[in-house]
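Under the working numbering, the first residue of the sequence shown is numbered 15, with each subsequent residue one higher.
Backbone N, C-alpha and C fix where the C-beta goes; we use that ideal spot for every residue, glycine too.
Here the structure is a predicted model, which means the values were calculated and not measured.
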Amino acid sequence: MEISFVKPALPGSGTIVLLVAEERGLGPLGLTVDKAAGGQLVRAMSAAAFIGKHDETLTIQAPAWFDRVLLVGLGKLDQLKPTAIETLGGTIYSQLTSAKAGSATIVAELPEDAPAGLNIATDLAQGALLRSYRFEKYRTVERPGHKSALTELTIAANHPNAARTSFGRSKAIAEGVFFTRDLVSEPANILYPESFAERVRERMTALGVTVEILGEAKLAKLGMGALLGVGQGSERETQLVVMTYNGAPKVKNKRPVAFVGKGVTFDTGGISLKPGPGMEDMKWDMAGAGAVAGLIAALAGRKAKVNAVGVIALVENMPDGKAQRPGDIVKSMSGQTIEVLNTDAEGRLALADALWYTIDRFKPQAVVDLATLTGAVIIALGGEFAGLFANDDTLAEQLLAAGLESGEKLWRLPMADAYDRQIDSDAADMKNIAGDRGAGSAIGAVFLKRFVKDARWAHLDIAGVAWSKKDKPTIPKGATAFGVRLLDRFVADVFEH
Ligand code: BES
Ligand code: MN
Ligand code: ZN
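Quick look at the structure:
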């Protein structure tokens with residue numbers, strides 16, 4: 015889909031999309047169309063009781079010289095914000111696709127009393143672009159009616175040059191999102207630790223980001239017994255990938271902000287085998303690592319003025335004659351020993367070494383990890399919020415704010431010494447699960463906390479939000495890339511001054 019920006023004018027054909035503020039009726043261009051169509055638009059609005067509520071739509075077929083007019087409700091003007099506009103862009107894209115429109119022009123005009131500072135043209139375009147993502151590479155036959163006919167989307171705006179420039183930045187972020195969605199969508203026979211690392215290397219090299227890939231020999235030398243134990247039963251070699259992006263080489267404080275991702279390319283549970291039904295979902299148990307890779311791509315793509323590192327632990331959790339057993343004791347890079355009472359609590363083992371390594375090597379200003387860590391967070395928060403744990407209130411507030419701004423929302427959950435005591439082990443420094451099933455997400459978090467020393471750290475449990483079973487305005491069902499837009503916003507707000 016080609017997206018372009020032009021000055022406001024009525025096109026001579028195709029589909030036109032008009033925005034209608036709640037209870038405010040058509041804007042100037044809308045009234046022109048209505049007049050040319052002999053009042054057909056206003057009559058249709060009244061017949062359908064369309065008043066312009068947020069995300070409300072109405073299609074009028076073949077008025078005047080157009081194929082159709084799509085009216086889209088802006089809702090109440092004082093509630094209009096960037097995420098709400100992106101939602102509209104996504105809804106417009108899906109409506110245009112259902113209507114089989116080949117080209118369309120969105121008239122991005124707002125009434126004069128709309129809040130100042132909104133980038134309506136850019137955000138509509140971004141919403142449409144994000145919704146247009148598809149993962150179809152394994153289809154040898156197109157599904158009838160599934161491919162969008164929309165090849166040209168034109169946005170008519172008062173300042174098309176400014177919109178085009180700011181859309182350049184949005185597009186780089188969308189490319190990061192799509193990179194993540196591609197990675198997360200891949201099946202585990204195609205995307206395993208080495209092939210994942212290779213894809214990251216290719217993309218990052220093209221973007222000027224330094225990549226290091228550490229294999230098992232190197233990880234053993236570093237003492238990463240916790241990470242290596244997870245991959246022990248797999249035919250695939252465990253990898254740790256380090257991405258270094260130096261977008262602010264001249265700043266005084268050279269310490270980077272760091273992002274660490276859980277990249278379990280398939281999680282069978284290991285010897286603590288998961289039940290069969292639904293196990294296929296565990297191909298996306300690398301969504302944390304996928305988000306970190308997409309985030310670094312987004313930052314580099316939009317030339318963010320920040321020094322950032324991404325570290326992803328890539329490992330496959332399989333049952334096998336060589337696999338680790340419940341009760342095994344492993345030694346982590348930190349020196350602390352862990353009794354592995356459940357081989358299905360593997361994400362925390364992989365992250366323990368990845369976090370320690372990242373903090374030890376880079377002394378980051380802050381470190382945020384992303385992981386599909388627990389089923390419990392799905393029970394607590396479902397698909398609406400990711401769980402946030404942090405050892406620093408300022409960092410937590412910054413992340414919560416970025417969540418609201420980006421629409422990738424977080425909800426803070428507690429870490430407490432009482433949870434921490436539950437992972438003390440009789441046989442080693444700690445065990446990887448607690449004795450009972452309560453507060454499973456917090457138990458995962460306090461386990462990780464033992465590997466972050468005094469770094470400012472936050473943990474995002476994204477198990478509930480990494481994959482969507484249904485279409486959402488800016489997310490076709492499937493991999494969401496949760497975390498990319500959130501952390502891009504976080505970096506822009508906190509580290510790019
Ligand atoms: N990858 C899973 C968590 C998960 C479950 C992610 C469902 C997405 C959807 C994780 O490795 C896991 O198995 N966690 C266990 C921990 C338990 C053994 C303490 C869980 O949540 O059941
Ligand atoms: Mn598991
Ligand atoms: Zn897992």
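What I want to know is whether the C-beta of residue i ends up closer than 8 Å to one or more non-hydrogen atoms of ligand 2.
i       : result
Lys-423 : no
Lys-445 : no
Asn-514 : Residue 514 lies beyond the stretch modelled for the chain, which goes from 15 to 511, so this question has no answer here.
Lys-336 : no
Lys-288 : yes
Gly-247 : no
With respect to the beta strand (DSSP E) encompassing residue i, which residues constitute its N-terminal and C-terminal limits?
i       : result
Asn-321 : 321-331
Arg-82  : 82-89
Glu-16  : 16-20
Gly-116 : No beta strand (DSSP E) holds Gly-116; DSSP gives it neither H nor E.
Met-257 : 253-260
Asp-547 : Given that the chain is displayed from residue 15 to residue 511, the structure contains no residue 547 and the question cannot be resolved.
Leu-424 : 424-426
Ala-472 : 471-475
Asp-281 : 271-281
Leu-167 : 166-170
Lys-345 : 342-345
Hey, is residue i close to ligand 3, as in C-beta under 8 Å from one of its heavy atoms?
i       : result
Val-278 : yes
Met-296 : yes
Could you check where the alpha helix (DSSP H) with residue i kicks off and where it finishes?
i       : result
Asn-175 : 174-199
Asp-137 : 134-145
Ser-60  : 54-61
Glu-100 : 96-112
Lys-377 : Taken as a continuous stretch (DSSP letters only), Lys-377 belongs to no alpha helix (DSSP H), as it is neither H nor E.
Ile-457 : 454-463
Ile-227 : Unbroken run through Ile-227 is the beta strand (DSSP E), 224-228; no alpha helix (DSSP H).
Leu-241 : 239-245
Gln-412 : 407-420
Ala-305 : 301-315
Thr-219 : 207-221
Val-391 : 390-395
Asp-434 : 431-435
Pop quiz: residue i and residue j are said to be a contact at Cβ under 8 Å. What is the actual Cβ separation, rounded to whole angstroms?
i       : j       : result
Gly-421 : Gly-308 : Actually they do not touch by this definition, with Cβ atoms about 16 Å apart.
Asp-330 : Phe-403 : Before going further, note that residue 330 is Glu rather than Asp in the sequence given. The Cβ separation is near 26 Å, so there is no contact.
Ala-495 : Thr-194 : 4 Å
Lys-297 : Ala-385 : About 15 Å separates the two Cβ atoms, so there is no contact after all.
Ala-400 : Ile-447 : Not really, about 21 Å apart at Cβ, beyond 8 Å.
Asp-383 : Val-274 : 4 Å
Gly-239 : Lys-345 : 4 Å
Pro-487 : Thr-101 : 4 Å
Ala-380 : Val-271 : 5 Å
Ala-305 : Val-498 : 5 Å
Leu-353 : Ala-456 : What sits at residue 353 in the sequence shown is Glu, not Leu. The Cβ separation is near 19 Å, so there is no contact.
Met-257 : Ile-310 : 5 Å
Leu-369 : Phe-465 : 5 Å
Pro-22  : Asn-172 : 6 Å
Leu-355 : Gly-341 : 7 Å
Would you identify the three-state DSSP class for residue i, choosing helix, strand or coil?
i       : result
Thr-351 : strand
Ile-30  : strand
Asp-383 : strand
Ala-51  : coil
Ala-400 : strand
Val-498 : helix
Ile-373 : helix
Leu-236 : helix
Trp-79  : coil
Leu-72  : strand
Ala-506 : helix
Lys-484 : coil
Lys-266 : coil
Ala-368 : helix
Gly-44  : helix
Lys-297 : helix
Ligand 5 and residue i: does the residue's C-beta get closer than 8 Å to at least one heavy atom of that ligand?
i       : result
Gly-283 : In the structure on display, ligand 5 does not appear, and the ligands it does have are ligand 1, ligand 2 and ligand 3.
Where the beta carbon is closer than 5 Å to any heavy atom of ligand 1, which residues qualify, in chain order?
-> In chain order, the qualifying residues are Asp-281, Asp-299, Asn-356, Asp-358, Ala-359, Gly-361, Thr-386, Thr-388, Gly-389, Ile-447, Ala-477.
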